[in-house]
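Residues 73 to 352, numbered by the numbering used here, are exactly what the sequence shown covers, in order.
Note that CB positions come from ideal geometry on N, CA and C, so glycine has one too.
One structure below.
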Amino acid sequence: MIRMPLYAPLTTICRTLPDDRLSEAFCRGARRELLLTPKPGLVDVFDNGSHDDLNLIVMQQSIDLLPLYYHDLMAITLSPFDPEVVRTVGLAAEERMMIHCGTNTHKGYVFLSGLVLLALRYGRDLRHNLRQLSRQLFAGGRQSGSHGVACQHLYGCTGIVGECLDGLPSLFEHGLPCYRSYRNQGMDETRAGLALMGRLMQVVEDTTSYHRAGMHGATVIRHDGVVLEKRLAAGGQVEDWLVQRNHYYRQLNLTMGGVADMMALTFALDQLLDEEGAAS
């Protein structure tokens with residue numbers, strides 16, 4: 073018997089759900105990630121982590137700007153696919169965030185969630201769509217002065233480019249199965265969300281972490297991810313430990329924006345799977 077991937081029901085989601093419901097799922101995913109607390113080095117309800125230029129209110133304002141971006145993406149003609157049109161829509165979304173929030177708040181999530189939304193619009197094999205779209209979007213290479221290029225040269229870290237070209241394995245092979253498995257085992261949303269964070273800390277190649285704290289920072293995140301998931305799986309308490317780790321991350325100026333983006337995407341697709349299941 074051929075076993076269908078967990079995300080298989082999403083192949084027809086754009087034909088069964090209205091555009092505003094799709095947009096709402098991606099916005100809610102970002103909001104659920106933001107409010108999950110505590111998260112070492114990241115903005116949450118307790119503090120701004122290792123981000124002097126961000127806080128909870130600014131991040132919420134940024135999420136409020138996402139629906140217009142998704143509306144513009146849904147209006148793009150896909151046949152033929154024009155990478156420049158997609159870039160223009162994405163840059164406009166980033167510019168709105170700079171104007172209204174004063175910083176590039178959800179830049180990574182703008183790109184990743186937009187990529188997933190476009191892949192969903194094509195239907196059929198979602199991860200194949202992601203790989204094909206990524207090849208076209210990255211065909212021109214990356215800016216030579218970017219953090220991602222520097223990290224690849226220094227540490228061999230392919231970051232978000234490698235992740236996208238491989239069809240987002242952190243999301244589909246780790247994040248989504250991990251979160252839904254823990255929920256099915258009876259964990260509440262918060263503990264399952266923290267377990268998800270732990271899993272993603274182990275597998276996401278986060279160029280922001282390398283840029284801020286080098287190989288040591290990336291090693292710290294991977295180690296803490298293992299500890300976090302094991303403690304939660306064993307039924308242990310982790311809140312005080314996470315608060316302590318947040319203090320340490322702040323000392324290192326260490327953060328993990330790539331992990332946060334994958335968490336938000338996991339929450340978004342989890343909601344879409346639930347909605348698709350309810351509709352079928």
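Just verifying my parser: in three-state terms, what is the DSSP assignment at residue i?
i    : result
D238 : coil
L126 : coil
M328 : coil
N318 : helix
C99  : helix
Y79  : coil
D312 : helix
L114 : coil
N256 : helix
H178 : coil
M73  : A caution first: M73 carries a pLDDT of 47, below 50, which makes its placement in the model too unreliable to give a value.
P249 : helix
R104 : helix
T338 : helix
R207 : helix
R196 : coil
L202 : helix
S151 : coil
By Cβ distance below 8 Å, which residues in the same chain neighbour residue i in space, the five residues on each side in sequence not counted?
i    : result
L78  : F244, L248, P249, R252 and L345
L314 : P110, K111, P112, L266 and L300
G121 : K111, P112, G113, L114, V115, N318, Y321, R322 and T327
R87  : G195
M73  : Note that M73 has pLDDT 47, beneath the 50 cutoff, so the model's placement of it is unreliable and the number below is only indicative. For M73, where only same-chain residues beyond five positions count, there are no Cβ hits under 8 Å.
By Cβ distance, which residues of its chain are closer than 6 Å to residue i, with the 5 residues on each side in sequence left out?
i    : result
D333 : G180, Y181 and L184
T175 : D125
F118 : T109 and P110
V158 : none
Of the residues the options, which one's Cα is nearest the Cα of residue i?
i    : options                   : result
G270 : H283, H295, M259 and D278 : H295
L190 : D154, E167, G349 and G234 : D154
L341 : R87, C99, R203 and P90    : C99
M357 : G239, V292 and Q208       : The chain is shown only over 73 to 352; residue 357 falls outside these bounds and no answer can be derived.
L114 : L150, I85, R322 and G349  : R322
L107 : A147, E261, H288 and G162 : E261
D91  : N127, Y142 and S122       : Y142
A97  : L138, C236 and E311       : L138
M169 : Q132, P241 and V331       : Q132
A211 : I171, M259 and E156       : E156
M146 : S95, G349, L304 and D238  : S95
V331 : L240, G349 and A164       : L240
Output the boundary residues of the alpha helix (DSSP H) element that contains residue i.
i    : result
C229 : Segment: none, C229 is in no alpha helix (DSSP H) and carries neither H nor E.
G265 : E261 to V275
A305 : T279 to A305
T88  : I85 to T88
P139 : L138 to M146
T109 : Here T109 belongs to no alpha helix (DSSP H), and DSSP marks it neither H nor E.
G162 : P155 to C173
What residues in its chain sit with their C-beta under 7 Å from that of residue i, if we drop five residues either side in the sequence?
i    : result
C229 : C223, E277, T279 and Y282
R255 : A264
L89  : E347
T84  : G195
R193 : C86 and L150
Any C-beta of chain C sitting closer than 8 Å to the C-beta of residue i?
i    : result
I148 : Among the chains of the structure shown, chain C does not appear; only one protein chain is present.
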